[in-house]
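Mapping of the sequence shown onto our numbering: position 330 corresponds to residue 327, and the numbering continues sequentially without gaps. Positions of the beta carbon are idealized from the N, C-alpha and C atoms, including for glycine. Source: prediction; values computed, not measured.
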Amino acid sequence: MIVPRHYEDLKIMHENTMPSRAYYMPASHDMGPLVEDRFSSDRVICLNGTWEFQYFNSIYDLQEKFYEQGYDCSRFTQVEVPGVWQNYGYDSHQYTNVRYPIPLDPPYVPQENPCGAYVRKFYYEIPEEAPRAYLNFEGVDSCFYVWVNGKYVGYSQVSHATSEFDVTEVLKNGENTLAVLVLKWCDGTYLEDQDKFRMSGIFRDVYFVNRPENVVYDYFTTTEIQEEQAVITVQASYQGKAVPTKLTLYDAEHKEIASQVFQENTGTVYTHKAVILVKEPNLWNPEQPYLYTLVLETEGEVITDRIGLREICVKDAVLYVNRTAIKFKGVNRHDSDPVTGFVIGLEQMKKDLQMMKESNFNAVRSSHYPNVPYFYQLCDEYGLFVIAEADNESHGTQSQYLKDSNWENVSRKWNERISDNPEFIPATLDRTKLCVHREKNRPCIIIWSMGNECGYGCTFEEALKWTKGFDSTRLTCYESSFYRSDRRKYDYSNIDIFSRMYPSLEEIQEYMDKKTGQTSPVD
């Protein structure tokens, strides 16, 4: 086998990936401060398009080092990326709900593990003003290994998350070769047992981002609504060394409202912050989704983002946004298309969201995994509340009990294999952080969901604890918190919402009868 078995190692979820950060697309000062189309930036190089591809029924059938420079790809076929290889005519589509697509034996997967080898040649000129290069994959199912010019770059998994690699040292002026090996299954497959068609490959965008040596790497924007003004706080951290950074706020007509310079910040992972006050602010809500524009400027680049001013609170079990009581009229949404599978483009997403608004929905749940970044930006723009869900579902672990047990017994044992197994804490926490960090600046997101149909246990106790510690401005939920064993008392202190699917009428009545004085989502 030409690659190490990271795909069955719970201790190696990623190798050589960059730390998780907020989503943004930087640009040079030549582009001006209000660049919003992600691929129009002069610092972004899109690698979507025609790639060379070869499919193998088993990882063991792949004997040649296809990633080496000069490798003869004449036996490869040409395919379009993003795409899934089932739609290229290889392998077969599979639909399954509860049952895993493979035998239940975590973290191991079948030895005959199908895979796809991808090769993309491209020309590249190293820009002097932005010499560092970061390679981004926004969605690969299920795991993948990366090489550039024959040199190993890294490994990653979590199908619906962004993986970013620093490839500065392996790129050269002129022709370069990017090679990717994608496996159909990995240990992460046990955490991605969502009710859907199963497909494989590079199914979301691939691109480079060019950046200077010293840049704003991550930032976290929060808002507070006061009587006659709003307070915008932006905390930032840097790649390389901290550099002077200016924060400017524009209204929806691109008129400058205010600006500040970032100052040193203490007591947090973010080393600098800036605060802007907005008098008589226009607040964001589903009926009037007013968006301001934030611009972070350093000497070498510009980052543009849009922000909605809103504040969330709960009083007497009622959710308020900007001091107005809110009732969700929402829908669950998968990335799914009868022709393209779960390769979903911008226009397809716009069509979905337009139908939601026309049908008077005001909320959407990203069931059951993070969507592409521009999905959340569209929800900001269209005015839809979002329950942002992490890529966590281990529904199939209950199947080992279904033959011999009644449902009550199944519900008490469901969590044993994964969700209450300490070995899976790092993986569950990783998936939660990937979701939260990337989309933490989106005003549409009101609730962080830890995942779907896994049962409850130590893995989600840790994920919830981290989430509330990192972002106390939003609510948390986890629909499967009800399903746990009787072995110990579980910690529900970091769950804000009791979320339960498919309860019987008797269970609903029982909950309503005892909710008075209840101090936790689940008693």
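| query | result |
| --- | --- |
| Run the CB neighbour count on Asp332, radius 10 Å, all protein chains shown included, and call it buried at 16 or more, exposed below. | buried |
| Whole angstroms is fine: what's the gap from Pro286's alpha carbon to Glu308's? | 14 Å |
| So Gln232 packs on Tyr216, CB below 8 Å; how close in whole Å? | 6 Å |
| Between which residues of its own chain and Thr516 is the CB-CB distance below 7 Å, once the five residues before and five after are set aside? | At Thr516, the pLDDT of 49 sits below 50, so the modelled position is not reliable; the number obtained from the coordinates is stated separately. Counting only Cβ-Cβ distances below 7 Å, and skipping sequence neighbours, we find nothing. |
| In the DSSP output, what is Gly198 paired with across the bridge? | Asp138 |
| Let's see if you can read the secondary structure: which residues bound the alpha helix (DSSP H) around Val433? | Ile422 to Glu436 |
| Within a Cβ cutoff of 8 Å, which residues of the same chain sit near Val145, ignoring the five residues on either side of it in sequence? | Leu132, Val164, Val167, Leu168, Asn173, Thr174, Leu175 and Ala176 |
| Below 7 Å CB to CB, which residues in the same chain sit around Glu135 once its five sequence neighbours on both sides are set aside? | Thr159, Arg201, Asp202 and Val369 |
| Excluding sequence positions up to five away, which residues of its chain have a Cβ less than 8 Å from the Cβ of Thr464? | Thr429, Val433, Trp445, Met447, Thr473 and Asn491 |
| Identify whether Ser501 lies in helix, strand or coil by the three-state DSSP scheme. | coil |
| Rounded to the nearest angstrom, what separates Leu343 and Cys441 at their Cα positions? | 18 Å |
| Helix, strand or coil: which one does DSSP assign to Arg362? | strand |
| Sorted by chain position, which residues of the same chain lie with C-beta nearer than 6 Å to Arg35's C-beta, five sequence neighbours on each side aside? | Met22 |
| Between the region 476 to 489 and the region 408 to 417, are three or more C-beta pairs nearer than 8 Å? | yes |
| Going by DSSP, what residues sit across from Tyr92 in a beta bridge? | Phe194 |
| Can you list, in chain order, the residues of its chain with a C-beta nearer than 6 Å to that of Pro104? Leave out the 5 residues immediately preceding and following it. | Glu5, Leu7 and Asp184 |
| According to DSSP, simplified to helix, strand and coil, what is Ile56? | helix |
| Return the CA-CA distance between Tyr235 and Cys376, expressed in angstroms with no decimal places. | 28 Å |
| Using the beta-carbon count (16 or more within 10 Å), is Tyr499 buried or exposed? | exposed |
| For a quick check, are the C-beta atoms of Gly327 and Asn282 less than 9 Å apart? | no |
| Check each candidate in Gln51, Asn13 and Lys62 and name the one with the smallest Cα separation from Met(-2). | Lys62 |
| In angstroms with no decimal places, state the Cα-to-Cα distance between Gln257 and Glu161. | 30 Å |
| Could you check where the alpha helix (DSSP H) with Asn406 kicks off and where it finishes? | Trp404 to Lys410 |
| If you draw a straight line from the C-alpha of Phe50 to the C-alpha of Phe73, how long is it? | 5 Å |
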